[in-house]
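Trainee: These protein sequence lines map, in sequence, to chains D and A.
The first sequence maps to residues 1 to 449 in my numbering.
The second sequence maps to residues 1 to 449 in my numbering.
One structure is given below, represented as structure tokens, and several questions about it will come after.
Number of protein chains: 2
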Amino acid sequence: MRFELTHEFLDVLRLKVAEQDVSWIQEHVLELHYADIAEIIDKLNNDEAKFIYFLVEEDVQADILMELDEDIRDRFLSSLSSKEIADQLENLASDDAADILGELSDDKIQEVISHMEDDEAAEDIVDLLNYDEDTAGGLMQKEFFQAEVDWNVTRALVELRKQAEDVEKVYNIFVVSEGNQLLGVLSLKRLLFASANTKIANLYQSKNIISVKTSDSAEEVAKVMEKYDLVSVPVVDYQNKLVGRITLDDVVDYIKEEADKDFQLATGISDPVEPDASIWKISYLRLPWLIIGMMGGILGAKVISGFEDSITRIPALAFFIPLITAMGGNVGVQSSAIVVQSLARGDKDLGKIRPKLIREASVALLNGVLLASLIFGIAYIFENAQLGFVVSISLFTVIFFAAIFGTLIPLLLNKYKIDPALATGPFITTLNDVIGLFIYFSVGLLLYG
Amino acid sequence: MRFELTHEFLDVLRLKVAEQDVSWIQEHVLELHYADIAEIIDKLNNDEAKFIYFLVEEDVQADILMELDEDIRDRFLSSLSSKEIADQLENLASDDAADILGELSDDKIQEVISHMEDDEAAEDIVDLLNYDEDTAGGLMQKEFFQAEVDWNVTRALVELRKQAEDVEKVYNIFVVSEGNQLLGVLSLKRLLFASANTKIANLYQSKNIISVKTSDSAEEVAKVMEKYDLVSVPVVDYQNKLVGRITLDDVVDYIKEEADKDFQLATGISDPVEPDASIWKISYLRLPWLIIGMMGGILGAKVISGFEDSITRIPALAFFIPLITAMGGNVGVQSSAIVVQSLARGDKDLGKIRPKLIREASVALLNGVLLASLIFGIAYIFENAQLGFVVSISLFTVIFFAAIFGTLIPLLLNKYKIDPALATGPFITTLNDVIGLFIYFSVGLLLYG
């Protein structure tokens with residue numbers, strides 16, 4: 001039932017575009033859902049994309065534009081004139097239009113704005129450009145339903161019908177005072193079944209109304225919408241005047257980006273990078289982690305060099321260096337990842353350090369005993385029981401300490417308001433390498449005498 | 001404006017609960033948003049929780065119940081009688097009720113169901129229990145607005161008013177044939193402004209209607225809702241009969257869990273674990289990764305033991321083992337993480353292996369040259385130019401190969417339908433350890449002669 005984009009379809013389509021076969025495109029492309037058309041356009045070159053895009057109805061064009069890959073959209077828009085861009089913006093919701101405009105240079109922005117015919121829309125967009133994109137102001141749109149508290153249902157329906165043109169998705173109606181102060185929310189369902197003379201004042205919900213301020217961070221908005229199960233949230237200014245609304249779909253994108261960011265920190269990429277960023281930029285962003293890793297390696301070399309005599313006497317000690325460092329790293333990352341996740345989920349408060357520490361320590365004891373026995377068994381079979389003893393004792397100790405540090409460090413970082421996800425990356429691996437090596441050689445020295 | 005839970009508040013509240021000071025609780029707790037009340041109850045012991053919960057109005061109880069931490073909810077419910085649980089279920093949406101019931105034993109389920117007074121609701125819940133929880137059937141609820149295509153607006157309003165009692169959040173109305181086949185969707189906005197005699201047939205949208213089947217996976221549902229920007233999606237059975245709907249908030253939870261899963265694979269935790277799982281279970285789930293890591297370490301030991309002579313002659317070679325393995329691991333994880341993320345974002349198709357490989361290789365060359373020069377410089381200053389030369393040449397080679405493997409392995413795993421996120425974990429670190437050591441000692445042997 002749903003459309004599936006295939007290579008074969010694309011091949012045929014490219015041919016039809018080359019032949020300018022409008023009726024084929026009409027039937028096989030333009031009839032599709034806008035999200036599918038956007039998926040198709042993402043795979044075409046700019047000329048092909050333009051050909052199809054301008055065959056589409058105007059208000060569907062806007063939907064397609066917002067569904068395109070960011071890079072494809074940028075490429076596409078940069079091939080349009082200021083007038084053409086202005087035409088596209090008029091069909092977009094204000095928040096989307098502002099996002100697109102925000103990508104352009106200041107000169108270009110002015111030029112595009114001057115070509116817009118709908119002055120009110122232009123004003124809304126210019127206003128939105130003032131807000132930082134990571135705030136509620138930057139996420140909100142200017143299109144929403146609002147009703148004054150002293151209207152009756154008939155009056156409200158008349159007024160809302162005027163507003164309806166601009167508002168694409170309606171979840172509820174924001175109720176305001178004459179002075180535009182946010183008073184509450186009225187669900188469309190409630191309005192639908194109300195009799196004509198009822199006052200809005202007697203219909204709307206004014207208790208526990210959740211709103212956000214324009215200056216609230218996007219993170220705060222996402223948290224509020226998740227916590228209070230909102231599909232849309234009103235945005236107010238410092239005087240509690242209603243200025244916009246944010247819908248859940250915009251916030252879902254933000255939530256996904258945040259989850260990606262944790263993943264990137266854990267894997268040592270310091271900043272979310274567009275897949276098409278330049279090689280210089282990618283290298284630059286990854287370098288800090290690698291330098292931390294290298295410093296750790298040099299520190300590790302320093303530790304080992306302190307035990308040069310032991311290595312000269314028993315070179316076999318060197319064999320198990322990678323085992324010790326790898327296990328310390330793995331255990332440390334496992335422990336810290338758990339802590340980072342529970343912090344990200346929001347169990348920030350009411351200090352639970354001790355139970356976490358006890359749990360991680362117990363897991364480490366259990367796994368440590370098991371793995372240490374295993375490695376001793378293997379060494380015993382290969383007839384080097386003494387070395388096996390050294391390795392298994394150190395392995396156990398390293399696992400235990402790695403778990404403790406892996407748990408404590410993200411908790412400490414969090415306490416000092418540093419993103420604890422940092423701790424899951426190369427940072428903790430490096431620390432555990434150094435500590436692990438020290439333990440290993442100390443045990444070695446002790447047991448070999 | 002919004003409620004913030006503090007230690008101080010909790011301390012006072014506990015006192016007031018102990019004193020059974022209902023009027024204080026009335027004023028300071030029951031007036032709050034249900035999500036805030038749930039947050040408070042999460043922090044109380046079971047008796048305190050029950051005291052507050054049963055002071056709340058019945059339909060708010062349902063909202064609170066669904067907002068509680070899962071563990072707290074389980075603890076809370078297990079202290080209720082079957083009759084009490086049944087009462088709670090009657091106030092819940094069918095999907096939530098089924099989720100809660102699904103946690104109980106078969107006997108308990110029967111007992112609870114037998115206590116439910118609303119037979120229709122009971123039937124809905126029992127029906128939902130039949131679906132796997134990771135499918136559309138498992139996510140859907142039975143409450144939604146539906147209208148028959150040949151009704152007019154007046155008739156629709158009468159019928160919808162009857163349905164309205166059960167449906168909490170309404171985004172749109174599903175339009176069906178007399179035989180309950182899904183025909184299309186009607187927005188509430190459209191209905192609101194339509195005149196009384198208009199036929200639904202002339203109002204509703206029938207083109208490009210997106211629906212999911214009961215058997216579709218939750219992952220598929222999340223993808224569809226994201227792609228087509230839906231706040232709610234109709235669920236149909238094999239005969240295209242409308243059987244339920246899924247709302248975006250349920251899917252947001254799923255999306256977050258999926259993102260968590262990638263993070264967990266990258267950090268070596270094989271399965272999403274509840275924070276309160278038993279120590280045995282946690283140990284067991286982490287063990288596979290640790291054993292892989294240990295096997296890698298043993299393989300590494302094997303590689304180094306092949307170069308025992310070199311170490312005996314030049315013990316300083318052993319110093320830089322951790323540096324080489326750590327850098328191989330870090331670079332490998334960085335490269336694989338990028339690939340895993342772009343795969344997760346869905347650029348699965350249209351084989352882009354070569355450009356990815358070229359980009360990662362270029363970044364590796366750039367960072368490799370830089371870091372190798374740095375380490376050579378450091379070694380030179382500390383007056384061991386020959387060893388510095390060995391280390392820097394090997395470091396460069398290791399970084400280059402780690403990037404190549406880090407890019408290729410997740411792509412290969414993906415090709416063979418294995419979750420590529422596996423590759424960001426201990427797996428790639430281990431592989432790179434072994435390869436890195438081999439390169440390092442080979443270069444050492446070569447250059448020291």
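We put the CB at the ideal spot given by N, CA and C, even for glycine.
State the start and end residues of the unbroken beta strand (DSSP E) segment that holds Arg317 of chain D.
Mentor: Sequence index remark: in the first sequence, residue 317 of chain D carries index 317 (1-based). Just to set this straight, residue 317 of chain D is Leu in the shown sequence, not Arg. First-last for Leu317 of chain D: Ala316 to Phe319, but that is the alpha helix (DSSP H), not the beta strand (DSSP E).
Trainee: In three-state terms, what does DSSP make of Leu350 of chain A?
Mentor: Looking up residue 350 of chain A in the second sequence gives position 350. Caution applies to Leu350 of chain A, whose pLDDT of 40 falls short of 50 and renders its modelled position unreliable; the model cannot decide the point.
Trainee: Output yes if chain D places a C-beta closer than 8 Å to the C-beta of Ile282 of chain A; else output no.
Mentor: Numbered from its first residue, the second sequence carries residue 282 of chain A at position 282. At least one chain D Cβ lies under 8 Å of Ile282 of chain A.
Trainee: So is Lys348 of chain A in contact with chain D if we call contact Cβ pairs under 8 Å?
Mentor: The residue given as residue 348 of chain A occupies position 348 in the second sequence. Because the pLDDT at Lys348 of chain A is just 49, under 50, the model does not fix this residue reliably, and the value given afterwards should be weighed accordingly. Lys348 of chain A does not count as touching chain D.
Trainee: Closer than 7 Å by C-beta to Asn461 of chain A: which residues in its own chain qualify, once you throw out the five before and the five after it? Chain order, please.
Mentor: Any question about residue 461 of chain A goes unanswered here, given that chain A covers just 1 to 449.
Trainee: Just verifying my parser: in three-state terms, what is the DSSP assignment at Phe174 of chain D?
Mentor: Walking along the first sequence from the start, residue 174 of chain D turns up at place 174. If DSSP states are grouped into helix, strand and coil, Phe174 of chain D belongs with the strands.
Trainee: Just to confirm before moving on: does the CB-CB distance between Gly406 of chain A and Val303 of chain A stay below 8 Å?
Mentor: For the purposes of this step, residue 406 of chain A is taken as the residue at position 406 of the second sequence. For the purposes of this step, residue 303 of chain A is taken as the residue at position 303 of the second sequence. No, these two residues do not count as a Cβ contact at 8 Å.
Trainee: Along chain A, in chain order, which residues have C-beta atoms closer than 9 Å to that of Trp289 of chain D?
Mentor: On the first sequence, position 289 is the one that residue 289 of chain D refers to. Those are Asn330 and Gln334, listed as they occur along chain A.
Trainee: One question on the structure: do Lys213 of chain A and Val236 of chain A come within less than 8 Å of each other, judged by their Cβ atoms?
Mentor: Against the second sequence, residue 213 of chain A aligns to sequence position 213. Against the second sequence, residue 236 of chain A aligns to sequence position 236. Yes, they are a contact pair.
Trainee: Which residues in chain D have a C-beta closer than 8 Å to the C-beta of Thr312 of chain A? List them in chain order.
Mentor: Start at 1 with the first residue of the second sequence, and residue 312 of chain A comes out as number 312. Neighbours of Thr312 of chain A on chain D, chain order: Thr312 and Pro315.
Trainee: Would you report the Cα separation of Glu103 of chain A and Val363 of chain D, rounded to the nearest angstrom?
Mentor: Translated into positions along the second sequence, residue 103 of chain A becomes position 103. Translated into positions along the first sequence, residue 363 of chain D becomes position 363. Cα to Cα, Glu103 of chain A sits roughly 27 Å from Val363 of chain D.
Trainee: Of the choices A:Asp71, A:Gln341 and A:Gly297, whose alpha-carbon is the least far from that of Ile321 of chain A?
Mentor: For this step, residue 321 of chain A is matched to residue 321 along the second sequence. The residue with the shortest Cα to Cα distance from Ile321 of chain A is A:Gly297.
Trainee: Please classify Lys356 of chain A as buried or exposed, where buried requires at least 16 neighbouring CB atoms within 10 angstroms.
Mentor: On the second sequence, residue 356 of chain A is found 356 positions in, with the first residue counted as 1. Burial call: buried.
Trainee: Pull up the distance between the alpha-carbon of Tyr452 of chain A and that of Gln141 of chain A, whole angstroms please.
Mentor: Lying before the first or after the last residue shown, residue 452 of chain A is absent from chain A, which here runs from 1 to 449.
Trainee: Distance, Cα to Cα, Ser392 of chain D vs Ser232 of chain A?
Mentor: On the first sequence, position 392 is the one that residue 392 of chain D refers to. On the second sequence, position 232 is the one that residue 232 of chain A refers to. Their backbone Cα atoms lie some 56 Å apart in a straight line.
Trainee: Is the beta carbon of Tyr380 of chain D sitting closer than 8 Å to the one on Gly368 of chain D?
Mentor: For the purposes of this step, residue 380 of chain D is identified with residue 380 of the first sequence, where counting begins at 1. For the purposes of this step, residue 368 of chain D is identified with residue 368 of the first sequence, where counting begins at 1. In this structure, Gly368 of chain D does not lie closer than 8 Å to Tyr380 of chain D by Cβ.
Trainee: Taking a Cβ distance cut-off of 8 Å, strictly less, list which residues of the region 249-261 of chain A are near chain D, in chain order.
Mentor: Listed by position, the residues of the region 249-261 of chain A near chain D (Cβ gap below 8 Å) are Asp249, Val252, Ile255, Lys256, Ala259 and Asp260.
Trainee: Is DSSP giving Gln61 of chain A helix, strand or coil here?
Mentor: Locating residue 61 of chain A in the second sequence gives position 61, counting from the first residue. Helix at Gln61 of chain A.
Trainee: Go ahead and pull the three-state DSSP assignment for Ser215 of chain A.
Mentor: Start at 1 with the first residue of the second sequence, and residue 215 of chain A comes out as number 215. Coil at Ser215 of chain A, not helix or strand.
Trainee: I want to see whether chain A comes within less than 8 Å of Asp461 of chain D, judged by CB atoms only; does it?
Mentor: Any question about residue 461 of chain D goes unanswered here, given that chain D covers just 1 to 449.
Trainee: Please check if any C-beta of chain D sits within less than 8 Å of the C-beta of Arg359 of chain A.
Mentor: For this step, residue 359 of chain A is matched to residue 359 along the second sequence. Cβ-Cβ to chain D under 8 Å: yes for Arg359 of chain A.
Trainee: Around the C-beta of Tyr34 of chain A, are 16 or more other C-beta atoms found within 10 angstroms, so that it is buried, or is it exposed?
Mentor: The residue labelled residue 34 of chain A in the question sits at position 34 within the second sequence. Its Cβ being crowded by 16 or more others within 10 Å, Tyr34 of chain A is buried.
Trainee: Quick check: what's the CA-CA separation for Asp349 of chain A versus Asp36 of chain D?
Mentor: Counting from one through the second sequence, the residue named residue 349 of chain A turns up at place 349. Counting from one through the first sequence, the residue named residue 36 of chain D turns up at place 36. Its pLDDT being 45, under 50, Asp349 of chain A is placed unreliably in this model, and the coordinates cannot settle the point.
Trainee: Is it buried or exposed for Lys207 of chain D, if we count other Cβ within 10 angstroms and need 16 for buried?
Mentor: Against the first sequence, residue 207 of chain D aligns to sequence position 207. Its Cβ having fewer than 16 others within 10 Å, Lys207 of chain D is exposed.
Trainee: Taking its Cβ as the centre, do 16 or more other Cβ atoms sit within 10 Å of Thr430 of chain A, making it buried, or is it exposed?
Mentor: Here residue 430 of chain A is taken as the residue at index 430 of the second sequence, counted from 1. By the 10 Å Cβ count, Thr430 of chain A comes out buried.
Trainee: Going by other Cβ atoms of all chains shown within 10 Å of its Cβ, with 16 needed for buried, is Gly377 of chain A buried or exposed?
Mentor: Numbered from 1 along the second sequence, position 377 holds the residue referred to as residue 377 of chain A. That one is exposed.
Trainee: Taking Tyr238 of chain A as the reference, which of A:Ser114, A:Leu65, A:Ile41 and A:Gly137 has the closest Cα?
Mentor: In the second sequence, the residue the question calls residue 238 of chain A occupies position 238. Out of A:Ser114, A:Leu65, A:Ile41 and A:Gly137, A:Gly137 has the C-alpha closest to the C-alpha of Tyr238 of chain A.
Trainee: Since Val434 of chain A contacts Met327 of chain A with CB under 8 Å, what's their CB separation in whole angstroms?
Mentor: One-based indexing of the second sequence puts residue 434 of chain A at position 434. One-based indexing of the second sequence puts residue 327 of chain A at position 327. Actually they do not touch by this definition, with Cβ atoms about 14 Å apart.
Trainee: What are the boundary residues of the alpha helix (DSSP H) that includes Ala147 of chain A?
Mentor: Here the question's residue 147 of chain A lines up with position 147 in the second sequence. Where Ala147 of chain A is concerned, there is no enclosing alpha helix (DSSP H), although the beta strand (DSSP E) it sits in stretches over Phe145 to Glu148.
Trainee: Check whether the region 196-203 of chain A touches the region 7-20 of chain D, counting contact only when three or more Cβ pairs, one atom from each stretch, lie closer than 8 Å.
Mentor: Verdict: no, contact absent.
Trainee: Pop quiz: Val170 of chain A and Leu188 of chain A are said to be a contact at Cβ under 8 Å. What is the actual Cβ separation, rounded to whole angstroms?
Mentor: Within the second sequence, the letter at position 170 stands for residue 170 of chain A. Within the second sequence, the letter at position 188 stands for residue 188 of chain A. That pair is a contact at about 6 Å.
Trainee: For chain D, check one thing: does any of its Cβ atoms lie closer than 8 Å to the Cβ of Ser362 of chain A?
Mentor: Within the second sequence, residue 362 of chain A is the residue found at index 362, counting from 1. Chain D, which has a Cβ nearer than 8 Å to the Cβ of Ser362 of chain A, makes this yes.
Trainee: Out of A:Ile210, A:Ala222, A:Asp166 and A:Leu157, which has the shortest C-alpha to C-alpha gap to Lys195 of chain D?
Mentor: Your numbering for residue 195 of chain D matches position 195 in the first sequence. According to the sequence provided, residue 195 of chain D is Ser. The question's Lys does not apply to it. Nearest of A:Ile210, A:Ala222, A:Asp166 and A:Leu157 to Ser195 of chain D, Cα basis: A:Leu157.
Trainee: For Ile393 of chain A, report the span of its alpha helix (DSSP H) as first-last.
Mentor: For this step, residue 393 of chain A is matched to residue 393 along the second sequence. Start and end: Ala385 to Lys415.
Trainee: If you measure from the beta carbon of Lys199 of chain A to each beta carbon in chain D, is any gap under 8 Å?
Mentor: Mapped onto the second sequence, residue 199 of chain A falls at position 199. So no, Lys199 of chain A is outside the interface.
Trainee: Please confirm whether Glu308 of chain D has its beta-carbon closer than 8 Å to some beta-carbon of chain A.
Mentor: Locating residue 308 of chain D in the first sequence gives position 308, counting from the first residue. Yes, contact with chain A.
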